[in-house]
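Asker:
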């Protein structure tokens, strides 16, 4: 329930307006986004004894409003922890090109079948499933993440294999200083 309130609060503060897609005045530091998102799931990480790791260079700016980006990453991390086994690992990775930033959340958890991953890649809702320890979600986290990513002009891509975990990658436009 707390996560739903956080999502709705983010939504209320940052209306999903088309102008956000093209407004270059909105940018965020990926390091700050990842720090805020990881802090927001710290209790879940501690309860499950999940090893939360980071990889790659996070010292980069992306186009988009920080609270919306934090909400996306928070939801991706919460899902990764939910489907991880106790003692498992979740890795947040950042890969940077001259024009884009790919922020990935990878878990070593339950994974999903190819059909479910394909449905998520097409933007379809999928039924919520219990986590590795029977955790029940409200079933709105990925929908909120998708809506926020779409509003920010970012793309989400899902890759998974049953029993081998999942990776969700958010590709965003890199913000460049200057004219």
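In the numbering used here, the protein residues as written are 95 to 273. A virtual CB, placed ideally from N, CA and C, is assigned to each residue, including glycine. Keep in mind the model is a prediction, meaning the values are calculated, not measured.
1. Excluding five sequence neighbours on each side, which residues of the same chain lie with their C-beta closer than 6 Å to the C-beta of residue 157?
2. Mind checking who residue 121 pairs with in its DSSP beta bridge?
3. Threshold first: 4 residues or longer. Then list the alpha helix (DSSP H) segments lying entirely within the stretch 181 to 229, N to C.
4. Evaluate residue 127 with the Cβ neighbour count: other Cβ atoms within 10 Å of its Cβ, from every protein chain shown; 16 or more gives buried, anything less gives exposed.
5. Pick out whichever of 124, 165, 176, 153 has its Cα sitting closest to the Cα of residue 141.
6. How big is the Cα-Cα spacing for residue 181 and residue 169?
7. Would you please state the rounded distance, in angstroms, between the beta carbons of residue 220 and residue 184? I believe it to be under 8 Å.
8. Pairs of beta-carbons, one from the stretch 251 to 266 and one from the stretch 192 to 199, closer than 8 Å: are there three or more?
9. Using CA coordinates, which residue listed in 139, 235, 132 is at the minimum distance from residue 214?
Answerer: On the basis of the supplied data:
1. 121, 267, 269
2. 157
3. 208 to 215
4. buried
5. 176
6. 20 Å
7. Contact flag wrong, Cβ pair sits at about 20 Å.
8. yes
9. 235
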